[in-house]
Each structure stands twice: as structure tokens, then as C-alpha cells.
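Right, dumping it as C-alpha cells:
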């Protein structure tokens, strides 16, 4: 599936209100790394994020801040060091093995986000295929402690 087809499919699902939460493969995530309209979010805790992460990912830890997606914009920026994405932004969430990403995705949907996906394989899958990854140059942000 091409990047354009993937984005069209995601937009159609978001507008129709069906299948509000979708899952992406490692290949899908790799293709989306450099897309400007996609926010890749690592929901693991800061020490996990600091140890390794998918290039370009931002850290919004689920366990220490489960209601992050419901925060006001100023509080979100203060907590995570970047602007709170608009509710229409495509979010791709991952963790270590998928459980926290799914829980955070449900919270994002409840907070009004309409285009939320998870990468169920998460870091376990990403690291297992690390030799097949293409880094997203210049997009990696350092860890931010909360």
C-alpha cells in the first residue's frame, strides 16, 4: 500500500466514523516516519524512551500521565516540551509491546482525536527488524524528563 493510499484510507475512516482505531505494520510506520502530517508518539516512560526509540518519535508517557491527551495546550507543552497536536492530527502510538499504546489511543479518542493508530508490534518488533529500518534524518528529538 502506498503512503498516499494509506493516508486516504485513514482519512476516509476518520470522516466516516467507522473503525476509529486502526493498527499499522512496521512497514507502514517506516513509510510514515517523514510524513509532516503524522505525529509518532512513544507512550513508554522517559527512561525507556531515552534508551531507544523510533526516529522522530515524541514522548508522551501513558503510565505517568494517562490523561495527557485531555490536557489544555499550555499544560501539555509544559509537560512534554512540544505543542499539543490538534485533534485532527494523525497520531501513531507505540510502546514496548502494544498494550500501553492501545490504552493511550483509547484515551486520545475519548479526548476528541479522530485519527489515531497504533503500532501493535511496537519497540519489540521495531528492534527485531532494526537492520531493515531507514532512519528519518533530522527528526529524532532527545529525551525530555517530566
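In this note's numbering, the protein residues as written are 102 to 247. All C-beta atoms, glycine included, are put in the ideal place defined by N, C-alpha and C. No experiment lies behind these values; they were computed from the predicted model shown.
| Check | Outcome |
| --- | --- |
| Beta-bridge pairing of residue 140 - partner residues as DSSP gives them | 192 |
| Option in 143, 158, 154 and 138 with minimal Cα separation from residue 166 | 143 |
| Buried or exposed by the 16-neighbour rule on C-beta atoms within 10 Å, applied to residue 223 | buried |
| Buried versus exposed call for residue 157 [16 or more other C-beta atoms within 10 Å across all chains shown] | buried |
| The region 127-141 touching the region 162-180, judged by at least three CB pairs closer than 8 Å | no |
| Under the three-state DSSP convention, the category residue 130 falls into | helix |
| Collapsed DSSP secondary structure at residue 122 in the structure displayed | strand |
| Residues that DSSP places opposite residue 159 in a beta bridge | 142 |
| Local conformation of residue 223 per DSSP, three classes | helix |
| For residue 205, the nearest candidate out of 194, 127 and 149 (CA to CA) | 194 |
| Spatial neighbours of residue 274 in its chain, beta-carbon cut-off 8 Å, leaving aside the 5 residues before and after | It is not possible to answer for residue 274, since the shown part of the chain is limited to 102 through 247. |
| Run of the alpha helix (DSSP H) containing residue 207, from where it starts to where it stops | 200-211 |
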